[in-house]
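Working notes, beginning with the structure itself.
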Amino acid sequence: MKKCLLFVLLLVLASCSSFKAERVDDKTADEKGLSITDKWMGEDTRRAVDTLIEQMKNHKGYKRAMAQSGGAPKVFIAEVQNNTSEAYFPIDDFNDEFLMELSSMGDFVLVDAKARDKILEEVTYQNDGMVDPATAKQIGKQLGADFMIFGNVYMKPQKRDGKTIKEYSVNLRMTNIEKATEVFRLRTRINKFSDQSSYSW
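If you're matching positions, the sequence shown starts at 17 in the numbering used here and goes up one per residue.
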């Protein structure tokens, strides 16, 4: 009996000694995660945004609008909406990444939708008599946007080769606000699946 217990103990120790912990950076972790999970990852956000930015730069409507603007047009950035059934889809991360890439391009004067309410609160406060009138900012001085960019993310599950595929579709549109005409319409798709049979606890 003692020999059996000793043998089992040796097997357990041997299996534990084969375990190797590995520290990886965020990009490597995302790349590993892409192949084993159907969840939307940070790398998916970066790939989708990079693809959409590249499509935008090459779109004829975008090139024409930039040429006609004669400078840096003012663009109102509305939020990309999460229209998936996933309440925890990282839509805020997507919007932040997209806004950061647009800002780094330097082609636009950006009008941030999120900032407008806060700015209105501050300007209203300054004009309520609490601030020196000589330094108070006046209502009605904000820039009017020439264009608006908005979009959404959808997810549609599909069966393919016996696997359930999550097909994410990210859609963007730019509209000329004054003329109500569409400048461009963009879309990129990302398919996600996890092979549950390939690993177990």
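C-beta atoms are modelled at their ideal positions from N, C-alpha and C, and glycine is treated no differently.
Within the region 115 to 149, the runs of beta strand (DSSP E) that reach at least 3 residues and sit entirely inside it are, in chain order, 125 to 128. Taking C-beta atoms as the reference points, alanine 161 and isoleucine 193 count as a pair closer than 9 angstroms. Annotated as proximal: valine 91 and methionine 164, with beta-carbon spacing under 9 angstroms. For alanine 152, there is no enclosing alpha helix (DSSP H), since its DSSP letter is neither H nor E. The beta carbons of glutamate 102 and valine 65 sit about 18 angstroms from each other, so the pair does not count as a contact at 8 angstroms. When the alpha-carbon of glutamate 95 is set against those of Val199, Glu198, Asn187, the nearest one is in Asn187.
The residue among Lys208, Arg189, Lys195 with its C-alpha nearest the C-alpha of isoleucine 69 is Arg189. If the five residues before and after alanine 88 are omitted, its C-beta is found closer than 7 angstroms to the C-beta atoms of Asp123, Phe124, Val125, all from its own chain and listed in chain order.
Going by DSSP, asparagine 74 is part of the alpha helix (DSSP H) stretching over 58 to 74. For leucine 188, the uninterrupted beta strand (DSSP E) segment begins and ends at 179 to 192.
By the criterion of a C-beta distance shorter than 7 angstroms, asparagine 98 is surrounded in its chain by Phe105, Ile107, Val169, once the five residues flanking it on both sides are discounted.
Collapsing the DSSP output to three states places lysine 79 in a helix. Residue environment analysis places glycine 145 among the exposed positions, since fewer than 16 neighbouring C-beta atoms fall within 10 angstroms of its C-beta. At the C-beta level, tyrosine 184 and threonine 67 stay beyond 9 angstroms of one another. In this structure, histidine 75 keeps its C-beta atom at 9 angstroms or more from the C-beta atom of phenylalanine 166.
Assigned with DSSP and collapsed to three states, phenylalanine 105 falls in coil, not helix or strand. Boundaries of the beta strand (DSSP E) around glycine 167: 163 to 176. For alanine 88, no beta strand (DSSP E) encloses it, and the DSSP letter there is neither H nor E. Closest in C-alpha terms to arginine 62, from the list Gly77, Ala81, Leu115, comes Leu115.
In the three-state reduction of the DSSP assignment, asparagine 99 falls in the coil class, being assigned neither a helical nor a strand state.
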